[in-house]
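**Student:**
Number of protein chains: 2
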Amino acid sequence: MNKELSTGFSQLKNNFLMKDGWIIAEQVFDKEQIVTTGSNFMFGNGYLGYRGTFEEWGKDEYVACIVTDTYDTADGKWNELCNVPNGLFVKLQFNGEQVDIGSGDISDYQRSIDLRHGLLNRSFSWQHSAGQVEVSTEKFASMTSLNTLALHYRITAKNSGEVTLLSGIDGDVWSLNGDHFQTMHPSQEGELLAITSTTKELATDIAVVEGVNIQGGSLKNEEVVKQDKQIFRKFVLEVRAGETISLMKFVEIRHSNECDAPKAEAIVALQQDLENGYQKIKSAHQQAWEDIWGSTDIQIEGDEAAQTLTRFNLFQNIIATPSHASLPIGARGLSCQAYQGAAFWDQEIFNMPMFLYTAPAAARNILKYRYDTLGGARRKAKELGYEGAYYAWISGKTGDELCPSFFFKDVLTGRPIRNHFNCWQMHISPDIAYAIWHYYEATDDWQFIVEYGAEMFFEIARFLFAFGFYKSFRDRYELIRLLGPDEYHENVDNNAFSNYQTKYALEKACYVFDHLKASNSIALGKLMEKLSLSEQEVANWHDMAAKIYLPQPDPETKLIEQFDGYFALEDTTPAVIKTRLQDPGEYHGWPNGIAVHTQVLKQADVIQLFCLHDDFDKEILQANYDYYEPRTEHGSSLSPSAYAIVASKIGYVDEAYRNFMKSCFVDIANTGKAVSGGTFIGGIHTAACGSVWNMTTVGFAGFAIHDNALRFDPHIPDHWSRLAFHMKYKGQGFNVEITGKKLELTADSDNSAAIPYFSNSGEIANLAPGERATIGA
Amino acid sequence: MNKELSTGFSQLKNNFLMKDGWIIAEQVFDKEQIVTTGSNFMFGNGYLGYRGTFEEWGKDEYVACIVTDTYDTADGKWNELCNVPNGLFVKLQFNGEQVDIGSGDISDYQRSIDLRHGLLNRSFSWQHSAGQVEVSTEKFASMTSLNTLALHYRITAKNSGEVTLLSGIDGDVWSLNGDHFQTMHPSQEGELLAITSTTKELATDIAVVEGVNIQGGSLKNEEVVKQDKQIFRKFVLEVRAGETISLMKFVEIRHSNECDAPKAEAIVALQQDLENGYQKIKSAHQQAWEDIWGSTDIQIEGDEAAQTLTRFNLFQNIIATPSHASLPIGARGLSCQAYQGAAFWDQEIFNMPMFLYTAPAAARNILKYRYDTLGGARRKAKELGYEGAYYAWISGKTGDELCPSFFFKDVLTGRPIRNHFNCWQMHISPDIAYAIWHYYEATDDWQFIVEYGAEMFFEIARFLFAFGFYKSFRDRYELIRLLGPDEYHENVDNNAFSNYQTKYALEKACYVFDHLKASNSIALGKLMEKLSLSEQEVANWHDMAAKIYLPQPDPETKLIEQFDGYFALEDTTPAVIKTRLQDPGEYHGWPNGIAVHTQVLKQADVIQLFCLHDDFDKEILQANYDYYEPRTEHGSSLSPSAYAIVASKIGYVDEAYRNFMKSCFVDIANTGKAVSGGTFIGGIHTAACGSVWNMTTVGFAGFAIHDNALRFDPHIPDHWSRLAFHMKYKGQGFNVEITGKKLELTADSDNSAAIPYFSNSGEIANLAPGERATIGA
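Chains as they are written, first to last, in the numbering used here: chain A, 1130 to 1906; chain B, 1130 to 1906.
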């Protein structure tokens, strides 16, 4: 592990290096990994994601700039976000020779992402019979002006000669499911270049405008070239030995779903960018990131890898999330088009908690998106014979179900498989209710409940009542034919996770109704009229909440059965069933995959329940952890984090750390395939990224809210000398600092109120502004 | 069709000939068809079934004598009836040469079954350098003494010479699923031979005793030979040219599930047989058959094939049915061990109606069997989390579920398929309730209801209430996750057939409860105590009966949807989906067979509903017939009869006749495979046989009971000059005779009461003993 690296760098994993707890880099270029490294080094700002690729690359190297709210369906295929024309396109020649990673002798190669400031850097030295140049580039997606990309491309010539720079826009983009552009018009706009394109299905106009500023060298010639879907400016410059040429390049992106005149507005913005200059834009961008980290950073001392990976994952959660708008967080964020740029339950359960306690306005936005897509959820419910809001399993702009009925292929027969994520995986609706309640609990934002939350609660409760069945002879409600989080087992009854979530959602809906009735009967009256909601319906929810069947821990074994009949399935392990594969590409689940008739789980399910509900004692947690962990394949990137959190709660610190690192590494040194059967399934696993916050705070720090007070129960790994982070609860900020078994809670001095917390005595105490309290040893 | 045949014979199909409307014969021996012809020519008496094989054959030629109530499981395989040692075993040599169908020149070969008298005959002339003999044999299973088999084996020598006869018992029997005999003891018992054997699982003792009487020839030598599992007597006789030797052979079978000392009792019986002699035993047997046909025969004039096939199917239904005991009717009767010798819904819905209106005591026996197996049905219900009686899909001696969870194999992957006949095909229980009610309706046997029926009704209702779900938001009960008759579609909701049957069963259970309460509160009280049954439960049944969802005919199309979502499946045909097969042996159904995601049905489902419930007008019948028929694969032998019956009701006489003949031919000139993938699946399709009665009476004659009165609505094929049969209704016999559009109803002169019937005026009239009425033109 201790081979010689550049100053300050140490090894993270495989080719990945780290530095200062903030920088991830590679100093070896592996052509075979470009599909993965493009994700590893990506940057973005929640409005767009830009893959960590090289300026001279194109579609074959998976260059992508994925822009929010550009959903489109091409040629009857899947709905997905557009990969817009690449405005950061630059090619370099020196003395007539192409300068890139595949030509000449390359030395001092480095690509690095600076997580602290969202900067992607690349540098290398190129030696050839034609001469020698050093190239270094830096680019970013502005955190202050979200439509803006900026690039600083520097060439230092070791010999005098001729530098040719092609800088422009490449509209020949990589796209997973069909070409989304019915038209693509490159144009010269004064000193600027532009490509305007119109999407196929929804005729969204997208404009990408580019402008440059060159310093150094001596310009001999300049021309504009349009070819196919590219437009670029060709600069020929003479350069002296030792001279540096700086190309400062700006890109503005606009589309007609966000403004009226995309191209015109982009041109105006770009002229402003040129006026402001690279340094000013970069400074504002860096300051914005400093501010974000001020509220979001998690500091780990004594474990540089854990520190760096934690920030990598926090960074990914931040840049994946369209905090600026009411739009979904994609399951692969903005790292590529995979998974349709659409939200799953991941959004509320894995991505949202970090925002909830660090940037509540962003959490509010996430939930506002669910409010705005109630129409789609209502349409789904109706289509499937229910009432209320059955949220889409795969939710894009409108909230209509995007998940197709036939998702996978049976590789053994070539026949499509009818999966039922779109009609049976009903926990999505109570999961959203759960998140709304937690938003309210963490922010006291009752106004949000009045304006949006109540309607969602009521429509979700309505759906749950319609979905559930009253089993008369047992005098209880049951949930029949569903999928829990463990997707290998479809068509099950009374999935523990789903049943507990359903009860919770119904109870909160009833509470909101009762509370509104007492506090704001006019608002309630209007809402009841809007929804044609009767008191009888609410009585029904009360009844269902009281009588819904909750699988209980067995008195002897303490085990909670994942679903009815689970324990009667073949008791075996992931390793054993893998030997039964006839083809490595086989889907393990429904209808007849290798896991279906066994107890092998794709991912945490009962264990996931424990992450969300703190009602089970340690003995139960431990028994279930011990039982379910060896039976879990972790076939989902959501899985290790749940095990990490519950291991922490049990006090299984080593297990917690092992799962924590497994989760943190999901997107670094990815060992999974990014392309399978010709389909790109790579990109950033945004939910796993979001879960880093949960694993450190809820897991290692043992954070929970009980009785409107903070509770901590820290169990950090022995080799961590310090774990620290900042949170907000009901508008009051505080720092948490854990050293050994001791936790120090420090209220921000500018707080307006005391913060209730559980002190060592087990009583609720109040932490005044600026005050510090110690919990634990 | 008019090639030259022996006198009186005409062609039926392929090699099959017919004569006198009673005899089916073949005059060409096809070695390839022995597995099928063994079933075609079988005989039996409801206690045992004996395949229509040759005396000299053994296990390789599928010789079998299947005996009721000998259930056994060998080597952990399937539970099935035993094929007992073959007591009718005879081998013949002439002048040292084996005489059989494979040696010498064979002429004048004929094998025939005389349906009228249950006699299997075989004859042939054998010519060889060693000489010439004529052989003719006749055998039967006595209809008066059910444990008795008899054989008359005649040899006429054309030359003088030496006849060697081996006659004895062959214990080396064919068995589908393992060897059922842990011991097998051949013994000589004075003049008799015996084999006693003990079954593997349940240690049932089975005795087969054989004795012979030889006439003609001159006995030169006689010895007893035991070898392996055979014991036989070797007779060497001298014979003159033209002389006939008659071997008259009797076999007695007894087992320890029916008597205490099987061998001793069989010996006594056999000695009596020898005393009585062949002719006396045969005469009694023939008379018994005459009596059966007196009440059961259906006469068709103008269509010899239809007449012969009708009798063939009635015959099979009679000999498959253990009218002597409370035992199931096997799905393959007693023709072989296939389908575990166990009852399905076939028994009540397809086999029972004929008995109900011709031999009500046998119908009572069928239902008594269901009473006796309530324990198994209760165990099944409990195991699956219900209450009451969930009858087994495959029901043997105890009524415990015999249907395995993994039934078929996926031939494309070799993986077992989890089918759910054993847990989701719930219509079996209401089907039995339906049959009990019809038994009561046809017989007025309230005493049966008091003693047995009420308990079954209540336990079935209990199960149905436990199985059903109350869908609160629709204020209705639903049946979720089941299979209807169409087994290609598992995991469906609200299957029309099952829902209507369930409502019917609940209504009748409530009626029985109310009626018992009013008429026999003591008996009811005892039963309620026995079952711990409360009035609240009965109120629940009332509620469920009133509120169960019944899929209604669409107001416009008149179509009833087979189950929720059926019409949304791919609309295609059996022929189209067959082109998608990757292997001809693929199972078409669950979980991913070619029919699953399409509207293609295995068998009549909504159409079957119309067979049982007369509440739908012709317009509805016709619309559904027209829709479902082209989508039906008739992959079950139960299917054509339902289409025949409903076609008759609509007045689609040609369609009715086509389906009638298709059903009648299921077991004659069988084009299906009898052995598939090494597993024997052949044998007699007993339900299709039973349905011949339903097709002629309910179908062509339009028979139904309404308001406790007979109703007829005849639609017979144009080329039938006459259709006539005898029935009993509430103890009163009557003849039905249809000629053209006219139906004559003639009450038996010895009736004790008038028979109510719907006259031409649409009013109920009464038919006095001996009186005749005309219905129709």
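Ideal Cβ positions, reconstructed from N, Cα and C, are used throughout, including at glycine.
1. Would you mind telling me which residues of chain B sit closer than 7 Å to Asp1094(A), beta carbon to beta carbon, in chain order?
2. Measuring CA to CA, which of Ile1284(B), Gly1869(B), Asp1755(B) is closest to Leu1344(B)?
3. CA-CA distance, Leu1541(B) and Gln1711(A)?
4. Is Leu1513(B) close to chain A, meaning its C-beta is less than 7 Å from at least one C-beta of that chain?
5. Given that a residue counts as buried once 16 or more other Cβ atoms are within 10 Å of its Cβ, and exposed if not, what is Gly1543(A)?
6. Taking Cβ-Cβ distances below 9 Å as the criterion, which residues of the stretch 1639–1658 of chain A are in contact with chain B?
7. Buried or exposed for Gly1216(A), going by 16 or more other Cβ atoms inside 10 Å?
8. Does any C-beta atom of chain A lie closer than 7 Å to the C-beta of Phe1602(B)?
9. Compare the C-alpha of Gly1346(B) against each of Thr1373(B), Thr1327(B), Val1354(B) and name the closest.
10. Quick one, which of Thr1136(A), Gly1150(A), Asp1189(A) has its alpha-carbon nearest Ile1429(A)'s?
11. In terms of alpha-carbon separation, which member of Asp1672(A), Trp1186(A), Ala1773(A) lies closest to Trp1303(A)?
12. Is it right to say Asn1788(B) is buried, meaning 16 or more other beta carbons lie within 10 angstroms of its own, or is it exposed?
13. Please report whether the beta-carbon of Leu1294(A) lies at a distance below 7 Å from any beta-carbon of chain B.
14. For Gln1737(A), which residues from the same chain have a beta carbon less than 7 Å from its beta carbon, with the 5 sequence-adjacent residues on both sides left out?
15. Would you tell me roughly how many angstroms separate the C-alpha atoms of Ile1265(B) and Glu1900(B), rounded to the nearest one?
16. What do you reckon, are the CB atoms on Lys1585(B) and Tyr1500(B) nearer than 7 Å?
17. Suppose contacts are defined by Cβ-Cβ distances below 7 Å. Is Ala1454(B) in contact with Arg1461(B) by that definition?
18. Please name the residue, chosen from Tyr1179(A), Ala1564(A), Leu1593(A), that lies closest to Leu1278(A) on a Cα-to-Cα basis.
19. Taking only beta-carbon atoms, is Ile1706(B) less than 7 Å away from chain A?
20. I need the boundaries of the beta strand (DSSP E) containing Ile1779(B), first residue and last residue.
21. The alpha helix (DSSP H) that contains Met1585(A), what's its start and end?
22. Listed from N- to C-terminal order along the chain, which residues in the stretch 1496–1530 of chain B have their beta-carbon within a distance smaller than 7 Å of any beta-carbon of chain A?
23. Evaluate His1855(A) with the Cβ neighbour count: other Cβ atoms within 10 Å of its Cβ, from every protein chain shown; 16 or more gives buried, anything less gives exposed.
24. Should Ile1429(A) be flagged as near chain D, meaning a C-beta pair shorter than 7 Å?
25. Beta-carbon within less than 7 Å of Gly1654(B)'s beta-carbon, same chain only, minus the 5 sequence neighbours each way: which residues are those?
26. With three or more beta-carbon pairs closer than 8 Å as the criterion, would you say the stretch 1188–1196 of chain A touches the stretch 1495–1509 of chain A?
27. Return the bridge partner residues of Gln1428(B) from the DSSP annotation.
28. Please look up how many angstroms separate the CB atoms of Gln1415(A) and His1246(A), rounded, as I've assumed it's under 8 Å.
29. Please name the residue, chosen from Asp1529(A), Glu1762(A), Asp1426(A), that lies closest to Asn1823(A) on a Cα-to-Cα basis.
30. Starting from Ala1279(A), follow the beta strand (DSSP E) in both directions and report where the run begins and ends.
31. Considering only residues of the same chain and omitting the five flanking positions on each side of Asn1623(A), which have a CB-CB separation below 7 Å?
32. Taking CB distances under 7 Å as the criterion, tell me whether Ala1773(A) reaches chain B.
33. Roughly how many whole angstroms lie between the Cα atoms of Met1275(B) and Ala1154(B)?
34. Can you tell me which of the three DSSP states Glu1394(A) falls into?
35. In three-state DSSP terms, what is Arg1547(B)?
36. For the stretch 1603–1615 of chain B, list every residue whose C-beta sits within 7 Å of some C-beta in chain A, in sequence order.
**Tutor:** According to the structure data:
1. Residue 1094(A) is absent from the model: chain A starts at 1130 and stops at 1906.
2. Counting from one through the second sequence, the residue named residue 1344(B) turns up at place 215. For clarity, residue 1344(B) is Gln in the given sequence; the question names Leu instead. Measuring from the Cα of Gln1344(B), the nearest candidate turns out to be Ile1284(B).
3. Your numbering for residue 1541(B) matches position 412 in the second sequence. Your numbering for residue 1711(A) matches position 582 in the first sequence. Rounded to the nearest angstrom, the two C-alpha atoms are 11 Å apart.
4. On the second sequence, position 384 is the one that residue 1513(B) refers to. So, not an interface residue.
5. For the purposes of this step, residue 1543(A) is taken as the residue at position 414 of the first sequence. Label assigned to Gly1543(A): exposed.
6. none
7. If you number the first sequence from 1, residue 1216(A) lands on position 87. That one is buried.
8. Counted from its first residue, the second sequence places residue 1602(B) at position 473. For Phe1602(B), the answer is yes, since a Cβ of chain A falls inside 7 Å of its Cβ.
9. In the second sequence, residue 1346(B) corresponds to position 217, counting from 1. That would be Thr1373(B), whose Cα lies nearest to the Cα of Gly1346(B).
10. On the first sequence, position 300 is the one that residue 1429(A) refers to. Residue Gly1150(A) is the option with its Cα nearest to Ile1429(A).
11. By one-based count along the first sequence, residue 1303(A) stands at place 174. The residue with the shortest Cα to Cα distance from Trp1303(A) is Trp1186(A).
12. In the second sequence, counting from the first residue as 1, residue 1788(B) sits at position 659. Its Cβ being crowded by 16 or more others within 10 Å, Asn1788(B) is buried.
13. For this step, residue 1294(A) is matched to residue 165 along the first sequence. Not closer than 7 Å to any Cβ of chain B, the Cβ of Leu1294(A) fails to qualify, so no.
14. What you label residue 1737(A) is simply residue 608 of the first sequence in a count that begins at 1. The residues are Pro1614, Phe1626, Ala1771.
15. Numbered from 1 along the second sequence, position 136 holds the residue referred to as residue 1265(B). Numbered from 1 along the second sequence, position 771 holds the residue referred to as residue 1900(B). Per the sequence shown, residue 1265(B) should be read as Ser rather than Ile. Distance between the alpha carbons of Ser1265(B) and Glu1900(B): 48 Å.
16. Counted from its first residue, the second sequence places residue 1585(B) at position 456. Counted from its first residue, the second sequence places residue 1500(B) at position 371. Per the sequence presented here, residue 1585(B) reads as Met, with Lys not at that position. Result yes, Cβ atoms of Met1585(B) and Tyr1500(B) sit closer than 7 Å.
17. Here the question's residue 1454(B) lines up with position 325 in the second sequence. Here the question's residue 1461(B) lines up with position 332 in the second sequence. No. Outside cutoff.
18. Locating residue 1278(A) in the first sequence gives position 149, where the first residue counts as 1. Looking at the Cα atoms, Tyr1179(A) is the closest of the given residues.
19. Taking the second sequence and counting its residues from 1, the one referred to as residue 1706(B) is at position 577. Cβ-Cβ to chain A under 7 Å: no for Ile1706(B).
20. Locating residue 1779(B) in the second sequence gives position 650, counting from the first residue. Ile1779(B) -> not in any beta strand (DSSP E); alpha helix (DSSP H) instead, spanning 1768–1779.
21. Numbered from its first residue, the first sequence carries residue 1585(A) at position 456. Taken as a continuous stretch (DSSP letters only), the alpha helix (DSSP H) holding Met1585(A) covers 1583–1596.
22. Glu1516
23. Within the first sequence, residue 1855(A) is the residue found at index 726, counting from 1. His1855(A) is buried by the Cβ-count criterion.
24. Going by chain labels, chain D is absent from the structure shown, which instead holds the protein chains A and B.
25. Looking up residue 1654(B) in the second sequence gives position 525. So no residue of the chain qualifies.
26. no
27. For the purposes of this step, residue 1428(B) is identified with residue 299 of the second sequence, where counting begins at 1. Answer is Ala1853(B), bridged to Gln1428(B).
28. Here residue 1415(A) refers to the residue found at position 286 when the first sequence is read from its first residue. Here residue 1246(A) refers to the residue found at position 117 when the first sequence is read from its first residue. Rounded, the Cβ-Cβ distance is 5 Å, consistent with contact.
29. The residue you call residue 1823(A) lines up with position 694 of the first sequence. Of the candidates Asp1529(A), Glu1762(A), Asp1426(A), the one whose C-alpha sits nearest the C-alpha of Asn1823(A) is Asp1426(A).
30. To locate residue 1279(A), count along the first sequence from 1; it is residue 150. 1277–1286 is the span of the beta strand (DSSP E), which, as asked, contains Ala1279(A).
31. Within the first sequence, residue 1623(A) is the residue found at index 494, counting from 1. Taken in chain order, the residues that qualify are Glu1607, Leu1608, Tyr1678, Pro1680, Phe1692, Asp1693.
32. For the purposes of this step, residue 1773(A) is taken as the residue at position 644 of the first sequence. So, not an interface residue.
33. The residue labelled residue 1275(B) in the question sits at position 146 within the second sequence. The residue labelled residue 1154(B) in the question sits at position 25 within the second sequence. First, the amino acid is wrong: residue 1275(B) is Leu here, not Met. Using only the alpha carbons, I get a separation of about 25 Å.
34. Position 265 of the first sequence, counted from the start, is the residue given in the question as residue 1394(A). Helix.
35. Translated into positions along the second sequence, residue 1547(B) becomes position 418. Arg1547(B) falls in the strand class under three-state DSSP.
36. Ile1609, Arg1610
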